[in-house]
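Peer 1: My questions all concern the structure below.
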Ligand code: GLN
């Protein structure tokens with residue numbers, strides 16, 4: 146049976162709870178344990194699928210097709226454990242389950258209340274698969290004191306109460322602000338935050354304190370005394386140059402040891418940190434720098450493309466270069482020539498996106514990359530734009546476009562080289578959608594197989610002709626145009642197993658031009674960079690004449 150670690154946050158949001166959880170997961174693995182990480186989010190959206198990337202950052206998609214919070218991306222990148230649908234839940238989902246059951250009459254006419262019905266639903270969620278791993282790490286989103294978080298805090302309190310002693314641990318992440326004028330690190334907000342936790346029946350075993358610099362012994366002792374934790378369970382979390390140093394940094398601070406001590410695991414298995422030492426070495430000792438332009442829509446908020454930024458970093462690590470990514474608003478290219486903007490870059494990436502805005506600019510970026518022979522990686526919408534560009538400029542289809550944009554505009558303006566897919570095969574099932582299904586969950590979502598053409602560049606990059614990658618889209622490139630495009634040098638080098646859906650296109654006589662219908666960035670890890678990102682950065686490095 147698993148031991149449970151509940152991670153909560155206090156004082157302010159954005160302290161890096163997700164990262165701390167992920168790093169702790171990695172450290173427990175380094176000690177030989179199996180782990181699973183979960184996120185419980187207090188917002189009322191049923192899932193993050195329909196939330197704006199501007200507000201919530203990227204939607205992370207799991208193999209089993211769940212649209213989840215970007216923290217699940219951190220969990221996967223640090224532990225390599227593929228997240229599942231059952232690793233992420235929101236208040237919206239919990240309430241919607243409870244209300245659905247109420248409508249079905251499952252509660253036999255009883256009054257439905259937050260305690261016990263909502264809290265029971267949360268506890269049932271936490272228990273899923275509890276026998277599968279040694280440690281289950283559950284992060285509660287938001288900050289202690291938030292009204293909407295209360296049912297979750299109450300549920301984990303009950304949960305720990307119902308388990309035998311010593312099977313659950315509470316770790317609380319806070320901030321120690323540094324007051325410049327007095328030169329002091331302040332512990333009071335943490336004391337208040339712990340007080341708030343205790344008022345709802347939760348006592349932290351471990352305090353992780355974010356601070357700009359080291360925490361002097363005096364402050365540690367004070368925190369331990371006032372917050373009722375052991376002094377060696379006060380863990381300093383200083384700002385780091387790279388998130389991938391977090392496992393080693395937390396290990397140096399004694400986090401994993403404190404966790405094992407709290408569970409009374411003795412003797413503690415020795416950690417094998419080789420993987421993270423290699424990662425840190427690659428991050429800290431690059432042999433050069435390559436510049437990648439990311440031409441997209443959600444450029445104000447880097448979190449909107451979190452996994453892409455991380456996968457580029459991983460690609461850099463594989464090639465021992467630092468990747469400097471610059472985000473360029475695609476709309477600029479609708480008014481101005483892209484050349485002056487793009488000429489200085491070693492490679493161009495057009496990421497996924499939804500809606501028409503900025504797409505003509507992305508098409509311009511794809512054209513620049515194709516004609517100027519700059520390495521290009523098009524992801525999902527970025528692949529669709531590359532196909533439209535080739536259809537317009539190579540295959541004489543001047544009005545080539547996507548049905549997505551016609552759908553939005555309510556009239557037909559384009560020849561739909563990219564069309565709205567309404568029926569497809571997933572494993573042994575046929576999936577059917579209508580044009581006006583709900584916005585949530587109507588996409589081709591999750592892992593699908595693809596077959597790569599022998600001798601293609603992608604088959605070489607992957608070192609295989611059978612791959613599985615994650616999808617999140619409604620539209621597809623129409624194979625009707627395959628022949629016309631292939632005779633012009635745009636090869637359909639990856640297809641769905643039934644041969645109906647183009648998964649990958651590549652330009653033949655080009656140093657590196659690949660478009661993929663899926664999201665390779667979601668599967669990249671620092672210790673196992675995704676082959677496409679690894680080779681894309683290799684090509685960028687070659688283009689930069691670093692080699
Ligand atoms: N909007 C496009 C589609 O739905 C691309 C989606 C994406 O880039 N994730 O097919």
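Residue numbers (our numbering): 146 to 692. Quick reminder that beta carbons are idealized off the backbone N, C-alpha and C, glycines included.
1. So the beta strand (DSSP E) residue 565 belongs to, where does it begin and stop?
2. Residue 483 by DSSP, collapsed to three states: which one?
3. Can you give the Cα-Cα distance for residue 368 and residue 351, rounded to whole angstroms?
4. Quick test of your reading: residue 660 and residue 532, contact by CB under 8 Å. State the CB separation rounded to the nearest angstrom.
5. Residue 625 to residue 566, Cα distance in whole Å?
6. Between the stretch 424–439 and the stretch 461–470, do at least 3 Cβ pairs fall closer than 8 Å?
7. Of the choices 653, 280, 612, 274, whose alpha-carbon is the least far from that of residue 640?
8. Are the beta-carbon atoms belonging to residue 335 and residue 299 less than 8 Å from one another?
9. Can you tell me which of 302, 452, 215, 322 puts its alpha carbon nearest to the alpha carbon of residue 667?
10. Indicate whether residue 513 and residue 483 have their beta-carbon atoms separated by less than 8 Å.
11. Just confirm the distance between the C-beta atoms of residue 271 and residue 283, as a whole number of angstroms; I'd bet it's less than 8 Å.
12. State yes or no: is the C-beta of residue 664 within less than 8 Å of the C-beta of residue 497?
13. Give me, in chain order, the residues of the same chain whose beta-carbon lies closer than 7 Å to that of residue 553; leave out the 5 immediate sequence neighbours on both sides.
14. Output the boundary residues of the beta strand (DSSP E) element that contains residue 296.
15. What are the partner residues of residue 577, as DSSP defines its beta bridges?
16. Exposed or buried, what is residue 469 when buried is set at 16 or more other beta-carbons lying within 10 Å of its beta-carbon?
17. Is residue 617 a contact residue of the ligand GLN, with contact defined as CB to any heavy atom under 7 Å?
18. Could you tell me whether the stretch 242–253 touches the stretch 596–613, where touching means 3 or more Cβ pairs closer than 8 Å?
19. Under 8 Å: do the stretch 212–230 and the stretch 169–177 share three or more Cβ pairs, one atom per stretch?
20. I want to check one thing, is the minimum distance from the CB of residue 372 to the heavy atoms of the ligand GLN below 7 Å?
21. What did DSSP end up calling residue 648 once you bin it into helix, strand or coil?
22. Can you tell me which residues form a DSSP beta bridge with residue 324?
23. Verify the CB distance criterion: does residue 398 have a CB-CB separation below 8 Å to chain D?
24. Roughly how many whole angstroms lie between the Cα atoms of residue 623 and residue 321?
25. Using a Cβ-Cβ cutoff of less than 8 Å, which residues in the same chain neighbour residue 190 once the five nearest sequence positions on both sides are dropped?
26. Kindly indicate which three-state DSSP category residue 252 falls into: helix, strand or coil?
Peer 2: The structure says:
1. Counted as a single uninterrupted DSSP element, the beta strand (DSSP E) harbouring residue 565 occupies residues 560–565.
2. Here residue 483 sits in coil by DSSP.
3. Each residue's Cα considered, the two are about 11 Å apart.
4. About 7 Å separates the two Cβ atoms, so the contact holds.
5. Rounded to the nearest whole angstrom, the C-alpha separation of residue 625 and residue 566 is 14 Å.
6. Contact holds: three or more Cβ-Cβ distances are below 8 Å.
7. Of the candidates 653, 280, 612, 274, the residue whose Cα lies closest to the Cα of residue 640 is 612.
8. For the 8 Å CB-CB criterion, residue 335 and residue 299 do not form a contact.
9. It is 452 whose Cα lies nearest to the Cα of residue 667.
10. In contact: residue 513 and residue 483 (Cβ atoms closer than 8 Å).
11. Separation of the CB atoms of residue 271 and residue 283 is rounded to 6 Å, and the pair is thereby assigned contact status at 8 Å.
12. Cβ atoms of residue 664 and residue 497: closer than 8 Å.
13. Cβ within range, chain order: 500, 501.
14. From DSSP, residue 296 is part of no beta strand (DSSP E) but of the alpha helix (DSSP H) over 295–307.
15. According to DSSP, residue 577 shares a beta bridge with 568.
16. Residue 469 is classed as exposed because its beta carbon has fewer than 16 other beta carbons within 10 Å across all chains shown.
17. Answer for residue 617: yes, Cβ within range of the ligand GLN.
18. Output reads no: the stretch 596–613 does not touch the stretch 242–253.
19. These segments touch.
20. Using a cutoff of 7 Å, the CB of residue 372 does not count as near the ligand GLN, since none of the ligand's heavy atoms is closer than that.
21. In the three-state reduction of the DSSP assignment, residue 648 falls in the strand class, which pools E and B.
22. 329, per the DSSP bridge assignment.
23. No chain D is part of this structure, which consists of one protein chain only.
24. So the two alpha carbons sit approximately 55 Å from each other.
25. Answer for residue 190: 196, 235, 237, listed in chain order.
26. Coil, per DSSP.
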